[in-house]
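In the working numbering, the protein residues as written are 1 to 517. Glycine included, every Cβ here is placed at the ideal spot set by N, Cα and C. Notes follow once the structure below has been shown.
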Ligand code: F6P
């Protein structure tokens with residue numbers, strides 16, 4: 001079916017959008033838009049499972065959004081979505097299906113892999129409960145990188161209010177030995193469970209850290225590797241060779257950045273328990289149903305993905321800032337960076353043809369209110385316009401008086417200031433305003449709302465990737481650096497600079513200074 005997909009920039013809707021941008025879009029003013037349309041908030045806000053989204057402070061009107069829906073229809077977004085949910089091999093460069101959604105679907109989903117998915121889930125959750133009940137285990141160390149780190153790390157922090165207080169969680173990802181060393185200094189071998197998380201079980205950073213952790217464990221007199229190490233991987237054979245007895249597998253149709261829902265979620269399951277983990281899956285599944293079944297006009301991930309196309313390819317915005325107003329969501333920006341930039345940071349279409357338009361923006365951010373005292377200056381008065389995404393949680397999980405309303409007031413105030421601006425103070429004190437933002441509201445930060453939020457972003461990224469006609473599920477761009485690092489590791493040892501460019505050779509010599517040739 002991929003052969004039949006029309007290029008977005010060759011559609012009628014694309015041309016209409018170019019015209020609309022020239023006639024209305026470039027000069028669009030949010031303040032006027034609200035003044036002229038009393039129903040703007042209702043028109044551009046909507047509930048979706050477990051959350052509410054206000055998109056009304058974006059540079060968009062009803063006619064532009066209609067043209068964007070036409071673009072989605074002309075580029076076959078719905079058919080592409082249905083192909084994903086039908087298990088077709090839409091990851092065409094790797095010839096793989098894309099079925100992370102199946103990991104959160106009910107037992108009777110009817111897919112050929114449903115039984116295996118639920119058997120693994122049941123086994124993993126039973127293991128998680130045993131670890132939770134094991135008073136001897138005080139520390140869980142997850143060793144993994146990219147999707148095998150960011151998802152569980154983000155989610156364990158986000159759901160800290162639900163964590164079993166007696167156990168501590170550590171995440172080691174970097175090959176930089178400082179990171180592992182710092183963790184090893186804080187844990188005892190007899191009290192530690194190491195989880196080696198790697199889809200491929202070949203990733204340099206993870207395997208280096210796992211080998212060092214195992215060597216440390218044995219040096220410290222730890223004997224029972226089988227009890228203190230478990231593996232989360234699709235490469236069960238390699239895990240066995242490593243000496244791990246307990247392995248929870250998953251499948252090649254789960255992309256690394258979509259793997260939180262699989263065995264890679266084990267640290268979270270240990271932290272919050274089986275029931276809460278199932279609630280996370282159920283929240284994500286509710287968003288899957290929303291994405292599958294709602295018409296485009298009320299389909300939140302679709303509306304967001306189309307807005308992303310409008311901003312990237314017509315307004316030319318090349319970055320988006322993520323502003324979670326909840327400190328437990330502090331790793332959300334990093335998580336979304338991988339999700340969006342590794343998925344859609346491509347410059348050829350699914351057939352390898354160069355693209356003549358922009359794809360993934362840069363995502364970045366920090367929790368509010370910290371960001372306000374760092375880079376919000378640029379967001380308010382800088383020369384570039386950067387759409388901002390605010391996340392607020394209605395109910396706090398603490399009882400400290402006053403704080404939460406101040407937090408919420410700050411989120412509202414920043415979004416208001418970005419839009420309203422200020423023209424009456426003169427010179428340096430003026431704010432141009434008309435700066436776009438979206439605002440997401442969660443009732444509470446709990447497993448279901450977190451699951452729904454993450455699935456919302458997965459499908460949003462799917463939507464913009466489908467319009468752009470790219471393969472959002474491969475990541476060839478990370479390969480070259482891996483190959484070169486292998487070569488340079490040998491050259492660092494030997495000092496051989498033959499054939500290197502002048503800069504790399506010069507730096508290598510400087511890094512080796514004082515070593516024997
Ligand atoms: O190098 C990129 C990447 O392949 C990511 O897509 C993935 O999440 C990460 O590396 C880790 O891979 P693995 O889980 O196989 O160790």
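If you draw a 10 Å sphere on the C-beta of residue 366, you find 16 or more other C-beta atoms in it, and that means buried.
Contact annotation: residue 159 and residue 172 have beta-carbon atoms that are not nearer than 8 Å. When beta bridges are read from the DSSP output, residue 52 appears opposite 47 and 441. Assignment of residue 324 by DSSP, reduced to helix, strand and coil, places it in the strand class. Where residue 403 is concerned, the enclosing alpha helix (DSSP H) starts and stops at 403 to 420.
Annotated three-state conformation of residue 261 is coil, per DSSP. Taken from the Cβ of residue 96, every heavy atom of ligand 1 lies 7 Å or farther away.
Cβ neighbours of residue 408 within its own chain (closer than 6 Å, five residues either side excluded): 392. One Cα belongs to residue 40, the other to residue 405, and the distance between them is close to 26 Å. Residue state for residue 363 is assigned as strand, using DSSP reduced to three classes. When DSSP reads this structure, residue 96 sits in a beta bridge with 91.
Looking at the backbone, the Cα of residue 61 and that of residue 33 are separated by about 8 Å. Contact check between the segment 485 to 499 and the segment 323 to 332: fewer than three CB pairs, one atom from each, fall below 8 Å, which does not count as touching.
Counted as a single uninterrupted DSSP element, the alpha helix (DSSP H) harbouring residue 158 occupies residues 150 to 158. Burial is judged here by how many other beta carbons sit within 10 angstroms of a residue's own beta carbon; residue 378 has fewer than 16 and is exposed. According to DSSP, residue 168 shares a beta bridge with 139. Cβ atoms of residue 190 and residue 136 come within 8 Å of each other, at about 7 Å. Of 327, 347, 338 and 296, the smallest CA-CA separation from residue 74 is found for 296. Distance check between residue 315 and each of 474, 5, 504 and 23 places 23 closest, using alpha-carbon atoms only.
Three or more Cβ pairs closer than 8 Å define a contact, and the segment 142 to 161 meets that threshold against the segment 253 to 271. Residue pairing for residue 249: DSSP places it in a beta bridge opposite 233. The alpha-carbon separation between residue 51 and residue 123 amounts to approximately 31 Å. One alpha carbon belongs to residue 6, the other to residue 432, and they sit about 39 Å apart. Proximity of the beta carbon of residue 200 to ligand 1 is indicated: a heavy atom of the ligand is located closer than 7 Å. Excluding its 5 nearest sequence neighbours in each direction, residue 386 has C-beta neighbours in its own chain below 6 Å: 319, 321 and 379, listed in chain order. Put simply, of 72, 69, 113 and 104 the residue whose alpha carbon is nearest the alpha carbon of residue 87 is 113. Beta-bridge analysis with DSSP links residue 192 to 139. Spatial neighbours of residue 342 in its own chain (CB-CB distance under 7 Å, excluding positions within 5 residues in sequence) are listed in chain order as 257 and 475.
Here residue 148 is buried: its Cβ has 16 or more other Cβ atoms, across all protein chains shown, within 10 Å. Apart from sequence neighbours up to five positions away, no residue of its chain approaches residue 481 with a beta-carbon distance below 6 Å. Taking all protein chains in view, the Cβ of residue 502 is surrounded by fewer than 16 other Cβ atoms within 10 Å, so the residue is classified as exposed. Taking residue 188 as reference, the option from 83, 174, 13 and 140 with the minimal CA-CA separation is 140. If you check the C-beta of residue 145 against ligand 1, you find a heavy atom less than 7 Å away. Between residue 48 and residue 307, the C-beta gap is not smaller than 8 Å, which leaves the two residues out of contact. Judged by their CB atoms, residue 468 and residue 355 are nearer to each other than the 8 Å cut-off. Between residue 102 and residue 117, the C-beta spacing is below 8 Å.
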